[in-house]
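Trainee: Mind having a look at this structure? Questions to follow.
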Amino acid sequence: MFFTWQAYVENIDPFLKIVHVPTITEALRSSKCRLAVMDPAMCALLSCISFAAIASLTEEEWQVCLNYNVDKTTLSLRFRAGAESALARADFVNTTALTTIQAFTIFLSVLQCEESTRFVWSLTGILIRLAVSLGLHKDGSQFKGISPFEVEMRRRAWWHICFLDSRTGDSQVHDAQIPETLFDTRPPSNVDDKDISPLMTEPVIPREGPTDMSICLVRCRVWRMIRAMRASDQHADADDTIDGRPRLERSLDAVRDFRESLVSPPSAAWTGNLERDAFLRMITDIVASRLELMAKYQDLIAKNLDPASQEDLFNLAIKVVDLAYKLRRSPSMSRWAWLSQGFLQWQPLVIILGHICAVPWGATSEKAWTTVGQCIDTMPEAIQHEPLWQPLRRMLSRAHRHRTSSTETAPAATFTPAPDSEVAASYCEQALPVASNPPHVEGLPGEWAFSLMDTSSGANTAGNDLMTLNWLADEKGADPTQWLIW
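Start counting the sequence shown at 2; every next residue gets the next number (the numbering used here).
The following block contains the structure:
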C-alpha cells in the first residue's frame with residue numbers, strides 16, 4: 002500500500018489536490034496499511050487512491066513488474082474492481098461522508114483515462130448531486146460547527162468536481178454543466194498541506210508564492226475564464242461588443258493576461274520541480290492556445306465567416322493538437338500523462354480537417370494530416386463511442402477522399418521526426434510557454450484512417466480496402482458549425 006500511496010503522491014496529487022497528504026499518511030501508519038480495520042469511507046478512499054496510482058504508471062515502469070508481476074492492464078482492472086467494490090461498501094450513492102465524495106471524485110477523474118467520456122460524464126452527474134446534497138456548493142465558512150480544516154477540504158472537493166464536470170462535458174452538452182451561479186464556494190487557499198491540520202482552530206492564512214495548491218488554483222482560474230468566454234455570447238451587444246469593447250479583443254486580452262501572470266516572476270504557479278514545471282508550462286500553453294482558438298472561432302461564427310478559410314486559426318489548431326500529442330508521448334513527462342489520456346482535442350481537430358478540405362492539397366495539408374493521424378492513433382478505443390465521433394469520422398472521410406484525389410499522381414510528403422525529449426526540454430529551459438509550433442512527427446497518413454473508422458458503433462460493414470470509405474456519411478454531415486461546441 003505504501004508503494005501505491007507514494008506513486009499517488011508523486012503522480013496524481015499535484016494535479017488532483019483533493020486529499021490532505023499528512024492525514025492519509027498517518028492513517029496508513031496507524032492502521033499498518035490494513036484496509037480491513039478502517040471504516041468503509043476511508044477504505045473506499047484508499048482503494049480509489051490505489052487505482053489512481055496504478056493508472057498513472059506507464060507500462061514500462063519497472064515497479065509494476067517488480068511489485069505485482071503482472072502487466073499494467075491486468076493490474077489496473079484488478080484495482081478498478083477493488084475500488085468499485087469499496088465504493089459500493091461505502092454506499093456512495095447515499096453517502097453523507099466527505100471522505101466518500103473524495104474517493105468517488107478521484108475514481109472518476111482517473112476512470113476517464115480508460116472509459117468513454119460519456120460514461121464518466123453520466124456518473125459525474127451523480128457525484129454533483131451528492132456534493133450538492135452535502136452542501137459543498139456553499140462555502141463552508143457560512144456554516145457553524147465546521148472547522149477551518151474541513152472548510153478547506155470541502156473547497157478542494159467541490160472545485161475538483163467542477164474540473165471533472167468541465168473536462169467530461171467538453172464533448173457533451175455544455176448547458177448541463179455546473180453554472181457559476183449555482184455555487185459560492187471559494188477556491189481553496191494557497192497553502193501547503195503542512196500548513197493545515199484537522200486539529201487547527203484558527204482560520205487558514207494563505208501563503209505567497211508556489212504551494213501545493215498552485216496548480217489547483219490555476220485550474221480554478223481557467224475554469225472561470227472558459228465560463229466567462231462561453232457566456233460572452235449572451236452579454237454581447239448587437240455590434241458584438243461588451244461595454245463598448247469588441248468581444249474578441251476582451252477575450253484575447255484575458256488570455257494574454259493569463260499567460261503573463263504565469264510567467265511573471267515570481268509566479269505562484271511553478272512548484273520548484275523542474276520536470277513537473279515543464280509539464281505545467283506545456284499544459285498552460287495548450288490551455289491558453291485553446292482559449293485563444295475558442296475566442297477567434299466564436300468571433301468568426303458571429304460574423305458569419307467560414308473558420309475553415311482562416312490560416313491563423315488553422316495554425317493555432319495545429320499547435321494545440323501537436324502539443325497535446327507531445328505531452329502524452331514525452332518520456333520525461335510520462336508519470337503525469339494520465340491527465341491528458343482519453344481527452345481528444347475535438348474542436349482543434351475539426352478546424353484542421355475543415356481547413357485542409359477547403360484548400361488545395363499540399364505539403365502543409367500533408368503535415369496537418371500526419372498530425373491528425375498521430376493524435377487519433379494514440380486515443381483509446383472508447384473514443385469511438387463519443388457523440389462527436391460520428392461527425393468527426395465523416396470529416397476524416399472527407400479529408401481522406403480529398404487527399405487521395407490530390408495525391409494519386411504525386412507521392413505524399415514525408416517529414417523528419419523530432420525526438421519527444423527535445424520538445425520537453427524546450428519547456429524546461431525557458432520560463433515563457435513556447436509560442437511556436439514544435440516539429441511534426443512523421444506518421445503514416447492514411448493507414449490509421451481506416452483502422453479507426455470501424456463499424457463497432459453501428460455503421461454498415463466495409464471492406465479492408467482504404468478506398469471503400471464511401472460507406473461513411475456524405476459531406477453534408479461534415480459541417481462543423483452544426484455540431485462543434487466549446
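C-beta atoms are modelled at their ideal positions from N, C-alpha and C, and glycine is treated no differently. All figures in this text were calculated on a predicted structure; none of them were measured in a lab.
Around the Cβ of Gly374, are there at least 16 other Cβ atoms within 10 angstroms (buried) or fewer (exposed)?
Mentor: Taking the sequence shown and counting its residues from 1, one reaches residue 374 at position 373. With 16 or more other Cβ atoms within 10 Å, it is buried.
Trainee: Please classify Arg246 as buried or exposed, where buried requires at least 16 neighbouring CB atoms within 10 angstroms.
Mentor: Numbered from 1 along the sequence shown, position 245 holds the residue referred to as residue 246. With fewer than 16 Cβ atoms within 10 Å of its Cβ, Arg246 is classed as exposed.
Trainee: Taking a contact to mean a Cβ-Cβ separation below 7 Å, would you say Thr169 touches Thr101 in this structure?
Mentor: Within the sequence shown, residue 169 is the residue found at index 168, counting from 1. Within the sequence shown, residue 101 is the residue found at index 100, counting from 1. Going by C-beta atoms, Thr169 is not nearer than 7 Å to Thr101.
Trainee: With DSSP as the reference, label Pro247 as helix, strand or coil.
Mentor: Position 246 of the sequence shown, counted from the first residue, corresponds to residue 247. Pro247 falls in the strand class under three-state DSSP.
Trainee: Excluding five sequence neighbours on each side, which residues of the same chain lie with their C-beta closer than 7 Å to the C-beta of Arg81?
Mentor: Counting from 1 along the sequence shown, the entry for residue 81 is found at position 80. Around Arg81: Phe52.
Trainee: Please report the distance separating the alpha-carbon of Gly355 from that of Arg225.
Mentor: Within the sequence shown, the letter at position 354 stands for residue 355. Within the sequence shown, the letter at position 224 stands for residue 225. If I take the Cα positions, the gap works out to 29 Å.
Trainee: Using 10 angstroms around the beta-carbon of Thr573, count the other beta-carbons present and answer buried if the total reaches 16, otherwise exposed.
Mentor: Residue 573 lies beyond the residue range present for the chain, which begins at 2 and ends at 487; the question has no answer from this structure.
Trainee: Express the C-alpha separation of Leu263 and Glu11 in angstroms, rounding to a whole number.
Mentor: What you label residue 11 is simply residue 10 of the sequence shown in a count that begins at 1. What you label residue 263 is simply residue 262 of the sequence shown in a count that begins at 1. Taking the straight line from one Cα to the other gives about 22 Å.
Trainee: Please report how far the alpha carbon of Arg395 lies from the alpha carbon of Arg220, in whole angstroms.
Mentor: Translated into positions along the sequence shown, residue 395 becomes position 394. Translated into positions along the sequence shown, residue 220 becomes position 219. When rounded, the distance between both Cα atoms is 33 Å.
Trainee: By how many angstroms is the C-alpha of Val351 removed from the C-alpha of Thr1?
Mentor: Lying outside 2 to 487, the shown extent of the chain, residue 1 is not represented and no answer is given.
Trainee: Excluding sequence positions up to five away, which residues of its chain have a Cβ less than 7 Å from the Cβ of Glu387?
Mentor: Mapped onto the sequence shown, residue 387 falls at position 386. So the list reads Ser117, Thr118, Arg119, Ser172, once near-sequence residues are dropped.
Trainee: Assuming contact is defined by CB atoms lying nearer than 7 Å, are Trp337 and Ser407 in contact in what I supplied?
Mentor: The sequence position of residue 337 within the sequence shown is 336, counting from 1. The sequence position of residue 407 within the sequence shown is 406, counting from 1. Cβ atoms of Trp337 and Ser407: not closer than 7 Å.
Trainee: Out of curiosity, what's the CA-to-CA distance linking Leu58 and Ala132?
Mentor: In the sequence shown, residue 58 corresponds to position 57, counting from 1. In the sequence shown, residue 132 corresponds to position 131, counting from 1. Rounded to the nearest angstrom, the two C-alpha atoms are 29 Å apart.
Trainee: Candidates Thr24, Val205, Leu314, Lys304: which alpha carbon is nearest Leu294's?
Mentor: Taking the first residue of the sequence shown as 1, we reach residue 294 at position 293. Closest by alpha carbon: Leu314.
Trainee: At what residue ranges does the segment 100 to 169 contain a whole run of the alpha helix (DSSP H), taking only runs of 4 or more?
Mentor: Counting whole runs of 4 or more residues, the segment 100 to 169 contains the alpha helix (DSSP H) stretches 118 to 134, 149 to 169.
Trainee: May I have the straight-line CA-CA distance separating Arg35 from Ala45, to the nearest angstrom?
Mentor: By 1-based counting over the sequence shown, the position of residue 35 is 34. By 1-based counting over the sequence shown, the position of residue 45 is 44. Roughly 13 Å separates the two Cα atoms.
Trainee: Terminal residues of the continuous alpha helix (DSSP H) containing Lys320?
Mentor: Counted from its first residue, the sequence shown places residue 320 at position 319. Looking at the DSSP string, the run of the alpha helix (DSSP H) that includes Lys320 is 312 to 330.
Trainee: Alpha carbon to alpha carbon, how far is Phe93 from Asp323?
Mentor: Sequence index remark: in the sequence shown, residue 93 carries index 92 (1-based). Sequence index remark: in the sequence shown, residue 323 carries index 322 (1-based). If you take the alpha carbons of Phe93 and Asp323, they lie about 39 Å apart.
Trainee: What's the C-alpha gap between Arg291 and Ala318?
Mentor: Locating residue 291 in the sequence shown gives position 290, where the first residue counts as 1. Locating residue 318 in the sequence shown gives position 317, where the first residue counts as 1. Those two C-alpha atoms are separated by around 8 Å.
Trainee: Report yes or no: do three or more beta-carbon pairs, one from the segment 22 to 39 and one from the segment 179 to 191, lie closer than 8 Å?
Mentor: The segment 22 to 39 vs the segment 179 to 191: no contact.
Trainee: Kindly give me the distance between the Cβ atoms of Leu393 and Trp347, rounded to whole angstroms, as I take these residues to be in contact under 8 Å.
Mentor: Taking the sequence shown and counting its residues from 1, the one referred to as residue 393 is at position 392. Taking the sequence shown and counting its residues from 1, the one referred to as residue 347 is at position 346. At roughly 7 Å, the Cβ-Cβ gap stays under 8 Å, so Leu393 and Trp347 are in contact.
Trainee: With three or more C-beta pairs closer than 8 Å as the rule, is the segment 84 to 91 touching the segment 129 to 143?
Mentor: Because the criterion of three Cβ pairs below 8 Å is not met, the segment 129 to 143 and the segment 84 to 91 do not touch.
Trainee: By the three-class DSSP mapping on this structure, what secondary structure does Ala91 have?
Mentor: To locate residue 91, count along the sequence shown from 1; it is residue 90. Note: Ala91 maps to coil in three-state DSSP.
Trainee: Ile129 to His138, Cα distance in whole Å?
Mentor: The residue you call residue 129 lines up with position 128 of the sequence shown. The residue you call residue 138 lines up with position 137 of the sequence shown. Taking the straight line from one Cα to the other gives about 9 Å.
Trainee: Using 8 Å for Cβ pairs, my map puts Pro23 next to Asp194. What's the rounded Cβ distance?
Mentor: In the sequence shown, counting from the first residue as 1, residue 23 sits at position 22. In the sequence shown, counting from the first residue as 1, residue 194 sits at position 193. Rounded, the Cβ-Cβ distance is 6 Å, consistent with contact.
Trainee: Starting from Asp278 and walking both ways along the alpha helix (DSSP H), at which residues does that stretch end?
Mentor: For the purposes of this step, residue 278 is identified with residue 277 of the sequence shown, where counting begins at 1. Per DSSP, Asp278 belongs to the alpha helix (DSSP H) from 275 to 303.
Trainee: Going by DSSP in three states, Val192 sits in which element: helix, strand or coil?
Mentor: Translated into the one-based positions of the sequence shown, residue 192 becomes position 191. If DSSP states are grouped into helix, strand and coil, Val192 belongs with coil.
Trainee: Would you mind working out which of Leu345, Arg282, Met230, Ser341 sits nearest Lys297, comparing C-alpha positions?
Mentor: Numbered from its first residue, the sequence shown carries residue 297 at position 296. Closest option to Lys297, Cα to Cα, is Met230.
Trainee: In this structure, how does DSSP classify Gly493 when only helix, strand and coil are distinguished?
Mentor: The structure shown has nothing for residue 493, since the chain only spans 2 to 487.
Trainee: What is the DSSP secondary structure of Met226, counted as helix, strand or coil?
Mentor: Start at 1 with the first residue of the sequence shown, and residue 226 comes out as number 225. Three-state DSSP puts Met226 in a helix.
Trainee: State the Cα-Cα distance for the pair Asp480 and Glu115, rounded to the nearest angstrom.
Mentor: Numbered from its first residue, the sequence shown carries residue 480 at position 479. Numbered from its first residue, the sequence shown carries residue 115 at position 114. Summary for Asp480: the model assigns pLDDT 45, below 50, so the residue's position carries little reliability; its value from the coordinates is reported in the next sentence. So the two alpha carbons sit approximately 29 Å from each other.
Trainee: Going by CA-CA distance only, name the one from Phe164, Leu345, Lys145 that's closest to Thr379.
Mentor: Stepping through the sequence shown from its first residue, residue 379 is reached at position 378. When only C-alpha atoms are compared, the closest one is Leu345.
Trainee: So what does DSSP say about Thr462, is it helix, strand or coil?
Mentor: For the purposes of this step, residue 462 is taken as residue 461 along the sequence shown, with counting starting at 1. Only weak support is given to the placement of Thr462: the predicted model assigns it a pLDDT of 28, under 50, and the value that follows is read from those uncertain coordinates. Here Thr462 sits in coil by DSSP.
Trainee: If distances are taken between C-alpha atoms only, which option among Asp286, Pro149, Asp300, Met201 comes closest to Ser252?
Mentor: Counting from one through the sequence shown, the residue named residue 252 turns up at place 251. Ranking the options by Cα distance to Ser252, first place goes to Asp300.
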